[in-house]
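All remarks here apply to the structure that follows.
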Amino acid sequence: MQTEEMRLDGNAAGGALREIFARDVTAALARCGGCGATAPMGALLEYGHEMGVILRCPTCDTAVLRVAHTPGWTRVDVVGISFLMIPEN
Amino acid sequence: MIPDVAEGVTRTAQRLDWRVAKVTEVHNETKRTRTLVLDIPEWPGHRAGQHVDVRLVAEDGYQAQRSYSIASPPESARVSLTVERLDDGEVSPYLCDVLGVGDGLEVRGPIGGYFVWDVAQGGPLLLVGGGSGVVPLMAMLRHYVAADRSMRASVPVRLLYSARTVDDIIYRDELQQLADCPEIRVALALTRAAPEGWRGYRRRIDRAMLEEVGWPAAEQPRTFVCGPTPLVESVANLLVALGHDPASVRTERFGPTG
Chain A
122 MQTEEMRLDG NAAGGALREI FARDVTAALA RCGGCGATAP MGALLEYGHE
172 MGVILRCPTC DTAVLRVAHT PGWTRVDVVG ISFLMIPEN
Chain B
478 MIPDVAEGVT RTAQRLDWRV AKVTEVHNET KRTRTLVLDI PEWPGHRAGQ
528 HVDVRLVAED GYQAQRSYSI ASPPESARVS LTVERLDDGE VSPYLCDVLG
578 VGDGLEVRGP IGGYFVWDVA QGGPLLLVGG GSGVVPLMAM LRHYVAADRS
628 MRASVPVRLL YSARTVDDII YRDELQQLAD CPEIRVALAL TRAAPEGWRG
678 YRRRIDRAML EEVGWPAAEQ PRTFVCGPTP LVESVANLLV ALGHDPASVR
728 TERFGPTG
């Protein structure tokens with residue numbers, strides 16, 4: 122299977138993200154730590170894998186957010202987000 | 478933990494719990510797609526374009542989880558999912574072939590605040606779908622026709638929908654009815670085979686089609702594109718090349734796993 126076919130939108134990770142952020146963040150604006158571009162989380166590129174998800178910047182491909190589930194732990198790497206703005210409603 | 482912060486979090490955030498929905502109706506849409514009508518306890522309501530996660534758990538504890546777009550409009554108390562059967566899938570064959578009326582199904586949702594539209598957001602609206610990508614667009618169209626006429630008059634809608642053959646068109650009869658609405662234009666494209674006398678398009682969605690069916694960029698339409706990843710990316714790129722603001726083109730890619 123080609124990688125491009127596996128690519129989805131950040132929107133598809135809405136359920137998994139809500140486990141972490143406790144609210145819907147697909148409409149939240151994330152500024153990429155790599156290039157500084159700002160995009161709604163729902164518009165990031167999502168690459169699912171067995172253990173979790175990776176969200177990449179549509180502009181520069183930086184891994185903005187990485188989530189991995191390991192026994193007993195959910196590991197979240199947010200080093201690719203330099204700023205996150207979450208709408209109140 | 479600071480107590481009042483914790484309280485604030487509890488107030489503003491809605492927990493996303495798995496709930497056992499009950500299947501109340503089943504409709505076969507095409508050979509490969511089926512609509513499940515679900516009664517979900519304590520369903521908080523949803524917006525057009527949102528999805529739910531569905532989870533199947535085997536006796537040995539193995540879990541498979543997929544996301545399915547909601548086809549029913551916010552105005553409907555029950556939640557409809559239209560599922561395409563992917564033969565080598567882990568979840569969709571069960572949903573399409575095994576699950577029946579009265580059965581339970583684990584779901585959580587509604588999910589998503591990005592690929593959503595309601596009539597108050599205005600338009601004009603362009604919906605572009607491929608295959609089962611029409612499902613969340615249908616929730617938007619159903620929501621649209623439920624709005625009052627004065628609201629609709631200020632928000633004209635165009636749908637461009639591509640399917641392989643005429644028998645693969647999901648919601649075919651309903652789309653024909655929608656096309657009778659003066660505010661809605663429905664354009665269909667068949668990519669594999671077309672019956673004699675077919676008056677729609679007979680090719681994949683391309684630039685010329687988007688120019689004919691879509692709105693000029695100057696009208697600043699809201700655009701939602703949903704379907705297989707290659708179709709969505711091709712359409713989104715073409716729209717941007719036609720001058721549309723990338724932020725006004727919202728996409729929902731459907732992956733190849735079912």
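Chains as they are written, first to last, in the numbering used here: chain A, 122 to 210; chain B, 478 to 735.
Glycine included, each C-beta is placed from N, C-alpha and C at the ideal position.
These figures come from a predicted structure and were not determined experimentally.
query: Do you know whose CA, among B:Met628, B:Ala666, B:Asp580 and B:Pro570, lies nearest B:Leu687's CA?; result: B:Ala666
query: Determine whether the Cβ of B:Ser544 lies closer than 8 Å to any Cβ atom of chain A.; result: yes
query: With DSSP collapsed to three states, give me the class of B:Met615.; result: helix
query: Report all residues from its chain with a CB closer than 6 Å to the CB of B:Arg619; omit the five preceding and five following residues, and keep chain order.; result: Pro550
query: My parser needs the beta strand (DSSP E) runs of 3 or more residues fully inside the stretch 613-662 of chain B; what are they?; result: 634-640
query: Looking at C-beta atoms only, is the number of pairs between the stretch 720-733 of chain B and the stretch 621-632 of chain B that lie closer than 8 Å three or more?; result: no
query: Within this structure, are the beta carbons of B:Leu602 and B:Pro698 separated by less than 8 Å?; result: yes
query: Among the residues of its own chain, which have a CB less than 7 Å from the CB of A:Val199, if the five just before and after it don't count?; result: Leu186
query: For B:Phe731, which beta-bridge partners are listed by DSSP?; result: B:Pro705
query: In or out: B:Arg509 buried (at least 16 other Cβ within 10 Å) or exposed?; result: buried
query: Give the range of the alpha helix (DSSP H) segment to which B:Val690 is assigned.; result: Arg684 to Val690
query: Does the stretch 653-661 of chain B come close enough to the stretch 569-584 of chain B to have 3 or more Cβ pairs within less than 8 Å?; result: no
query: Per DSSP, what are the beta-bridge partners of B:Val497 in this structure?; result: B:Glu583
query: How many angstroms separate the CA atom of A:Asp182 from the CA atom of A:Leu176?; result: 9 Å
query: Spell out whether any CB of chain B is found under 8 Å from the CB atom of A:Leu129.; result: yes
query: Checking 8 Å against the spacing of the C-beta atoms, do B:Tyr571 and B:Val596 come in under that value?; result: no
query: Go ahead and label B:Trp675 buried or exposed: buried means 16 or more other beta carbons lie within 10 angstroms of its beta carbon, across all protein chains shown.; result: exposed
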